[in-house]
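Engineer:
Number of protein chains: 2
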Amino acid sequence: MSSITFIGAGNMARTIGTRAVAGGNTVEIMARDQSKAEALADALGGGTTTGKWGAVPAGDIVITAMLYAGVVSTIAEYGDALAGKIIVDISNPFNATFDGLAHSEASTSIAQEVAKVAPASASVFKAFNTIFRNVLAEGRPDVFFAGDDAQAKADVATFIESLGLRPMDVGGLKMAHWLEGAGVLTVGLAGNGVGHGNFALGVTEVTG
Amino acid sequence: MSSITFIGAGNMARTIGTRAVAGGNTVEIMARDQSKAEALADALGGGTTTGKWGAVPAGDIVITAMLYAGVVSTIAEYGDALAGKIIVDISNPFNATFDGLAHSEASTSIAQEVAKVAPASASVFKAFNTIFRNVLAEGRPDVFFAGDDAQAKADVATFIESLGLRPMDVGGLKMAHWLEGAGVLTVGLAGNGVGHGNFALGVTEVTG
Numbered sequence: 001m002s003s004i005t006f007i008g009a010g011n012m013a014r015t016i017g018t019r020a021v022a023g024g025n026t027v028e029i030m031a032r033d034q035s036k037a038e039a040l041a042d043a044l045g046g047g048t049t050t051g052k053w054g055a056v057p058a059g060d061i062v063i064t065a066m067l068y069a070g071v072v073s074t075i076a077e078y079g080d081a082l083a084g085k086i087i088v089d090i091s092n093p094f095n096a097t098f099d100g101l102a103h104s105e106a107s108t109s110i111a112q113e114v115a116k117v118a119p120a121s122a123s124v125f126k127a128f129n130t131i132f133r134n135v136l137a138e139g140r141p142d143v144f145f146a147g148d149d150a151q152a153k154a155d156v157a158t159f160i161e162s163l164g165l166r167p168m169d170v171g172g173l174k175m176a177h178w179l180e181g182a183g184v185l186t187v188g189l190a191g192n193g194v195g196h197g198n199f200a201l202g203v204t205e206v207t208g
Numbered sequence: 001m002s003s004i005t006f007i008g009a010g011n012m013a014r015t016i017g018t019r020a021v022a023g024g025n026t027v028e029i030m031a032r033d034q035s036k037a038e039a040l041a042d043a044l045g046g047g048t049t050t051g052k053w054g055a056v057p058a059g060d061i062v063i064t065a066m067l068y069a070g071v072v073s074t075i076a077e078y079g080d081a082l083a084g085k086i087i088v089d090i091s092n093p094f095n096a097t098f099d100g101l102a103h104s105e106a107s108t109s110i111a112q113e114v115a116k117v118a119p120a121s122a123s124v125f126k127a128f129n130t131i132f133r134n135v136l137a138e139g140r141p142d143v144f145f146a147g148d149d150a151q152a153k154a155d156v157a158t159f160i161e162s163l164g165l166r167p168m169d170v171g172g173l174k175m176a177h178w179l180e181g182a183g184v185l186t187v188g189l190a191g192n193g194v195g196h197g198n199f200a201l202g203v204t205e206v207t208g
């Protein structure tokens, strides 16, 4: 099992956290508002603890469960407190019309920007961003993930499997750009009536 | 049923063409090398015809079944011969290392470049590019497609359904950029051992 810290105490921390506790992982919640962290820890149960904002997380895997605009600055604020950690960015930097990305550069992503400000000993991943929250709560969606470090990849895959979900390795961290694009595609599909929002992109095996 | 013209007589024209004939569509093949067009038409059977390179296609739906580097110039060369046609670009403009796109601009795609040189009365789509050829031949992959014109969209969806496949509308033509990115993700998944290449990205419904 894995030890997980969520930075953020909102809906995504609650949803992934619920699965994480059910999967036997050790969970910690950090939030700027300590009372929100405590409320979510209580709600999750299973021995979930809270940590002080900006302190060294208890978890080996740190999930930034927050809106995209705050992710990079939060990682920078934590600074050396994240040395040696696996950092998982789950955000979707949608533009105002939800049909493209908020950052205009062709080959970057929030996850890649996180890697620029995180300690060199940290390993940064993109994951979970292609999945609507309700689907993550109720379904068994595939979890696409991207990152550069092989050992950390194995750890992330183990964590995803503990949630009862299939890890789908799309490659190195530069693929985070295209995972963010897959988030745009997912919103596009929903907007065009696919699956009434109760679907996720996944891998379909072909048997001939 | 639909009337389809393939510009190109290679593997993708053969694979989609086989399904198109089986689905009762009228099929025409155009190739620079007329003998190749005739050989493929003979192989496909079902009354498949050939047309002269650069002439007005017989099909209402024109599929550019060629490597990405030739698509835009071919559409420009056809010029007004494509007036009123539905043009479907299926190409993957991969970079040399197959982990990104060959064009560096953030918000374009081969399909969007096609739209810039095609007659104003044509309607341009991106489709099929997320599917490996062997999967298209042997499986039942979902077909993601993007385009701007609602009536033409219905026609493209009807054609995809005639192939026995599910059309998945991701939105307007600007989404072609992200479909090309989904092609990159698909190659990334294959390179990381997913499904031994016998898979496709698809839509997974969640039932709770």
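Top line first, the protein sequences correspond to chains D and A. The first sequence begins at 1 in UniProt numbering and counts up by one. The second sequence begins at 1 in UniProt numbering and counts up by one. Cβ atoms here follow ideal geometry from the backbone N, Cα and C, with glycine treated the same way.
(1) With a threshold of 8 Å on Cβ separation, who are the neighbours of D:Gly100 within its own chain once the five nearest residues in sequence on each side are excluded?
(2) Check whether the Cβ of D:Asp33 lies closer than 8 Å to any Cβ atom in chain A.
(3) Unbroken alpha helix (DSSP H) runs of length 4 or more, entirely within the segment 61-147 of chain A: which are they?
(4) State buried or exposed for D:Glu205, treating a residue as buried only when at least 16 other CB atoms are found within 10 Å of its CB.
(5) Sorted by chain position, which residues of the same chain lie with C-beta nearer than 8 Å to A:Lys52's C-beta, five sequence neighbours on each side aside?
(6) Is there contact between the segment 78-97 of chain D and the segment 63-70 of chain D, where contact requires at least three CB pairs shorter than 8 Å?
(7) Taking only the alpha-carbon atoms, compute the straight-line gap between A:Ala96 and A:Ala102 and give it to the nearest angstrom.
(8) Measure the alpha-carbon distance for D:Lys126 versus D:Gly171 and round it to whole angstroms.
(9) Compare the C-beta of A:Lys36 with all C-beta atoms of chain D and state if any pair is closer than 8 Å.
(10) Looking at the structure shown, is A:Asp149 part of a helix, part of a strand, or coil, going by DSSP?
(11) Mind listing, in chain order, the continuous alpha helix (DSSP H) runs of no fewer than 4 residues lying wholly within the segment 15-48 of chain A?
(12) Leaving out five residues before and five after D:His177 in sequence, what residues of the same chain have Cβ atoms less than 8 Å from its Cβ?
(13) Drop a sphere of 10 angstroms on the beta-carbon of A:Val181, count the other beta-carbons inside from all chains shown, and report buried for 16 or more, exposed for fewer.
(14) By the 10 Å Cβ neighbour count, where 16 or more other Cβ atoms means buried, how is D:Gly23 classified, buried or exposed?
(15) One question on the structure: do D:Ala58 and D:Gly10 come within less than 8 Å of each other, judged by their Cβ atoms?
(16) For chain D, is any of its Cβ atoms less than 8 Å away from the one on A:Gly147?
(17) Since D:Val21 and D:Gly54 are thought to touch, with beta carbons under 8 Å apart, how far apart are those beta carbons, to the nearest angstrom?
(18) Might you give, ordered along the chain, the residues of its own chain that have their beta carbon closer than 6 Å to the beta carbon of D:Thr15, omitting 5 neighbours on each side?
(19) Short of 7 Å in beta carbon distance, which residues of its chain neighbour D:Tyr78, apart from the five on each side in sequence? Order them along the chain.
(20) Consider the Cβ of residue 209 of chain D: report whether some Cβ of chain A lies at a distance smaller than 8 Å.
Structural biologist: According to the data block:
(1) Listed in chain order, the non-local C-beta contacts of D:Gly100 below 8 Å within the same chain comprise Phe94 and Val184, local neighbours out to five positions each way being set aside.
(2) Under the 8 Å criterion on CB atoms, D:Asp33 is classed as non-interfacial with respect to chain A.
(3) Those alpha helix (DSSP H) runs which fall completely within the segment 61-147 of chain A and span 4+ residues are 71-78, 110-117 and 133-138.
(4) Exposed, by the Cβ-count rule.
(5) Cβ neighbours of A:Lys52 beyond the five flanking positions: Met30 and Gln34.
(6) At 8 Å Cβ cutoff, the stretches touch.
(7) Rounded to the nearest angstrom, the two C-alpha atoms are 7 Å apart.
(8) Rounded to the nearest angstrom, the gap between the Cα atoms of D:Lys126 and D:Gly171 is 10 Å.
(9) Answer no: the Cβ-Cβ gap between A:Lys36 and chain D never drops below 8 Å.
(10) DSSP places A:Asp149 outside both helix and strand once states are collapsed to three, so it counts as coil.
(11) Taken in chain order, the complete alpha helix (DSSP H) segments of 4 residues or longer contained in the segment 15-48 of chain A are 34-44.
(12) If we look at D:His177 and ignore the five residues flanking it on each side, its Cβ neighbours are Ala106, Ser107, Thr108, Ser109 and Gln112.
(13) Going by the sequence as given, residue 181 of chain A is Gly instead of Val. A:Gly181 comes out buried.
(14) So D:Gly23 ends up on the buried side.
(15) With contacts defined as CB atoms closer than 8 Å, D:Ala58 and D:Gly10 fail to qualify as a contacting pair.
(16) A:Gly147 does not count as touching chain D.
(17) D:Val21 to D:Gly54, Cβ: 24 Å. No contact.
(18) Within the same chain, Cβ atoms closer than 6 Å to the Cβ of D:Thr15 are found at Arg133, Leu136 and Ala137, the five residues on either side in sequence being excluded.
(19) Excluding positions up to five away in sequence, the list reads Gly54.
(20) Because chain D here runs from 1 to 208, residue 209 of chain D falls outside it and cannot be looked at.
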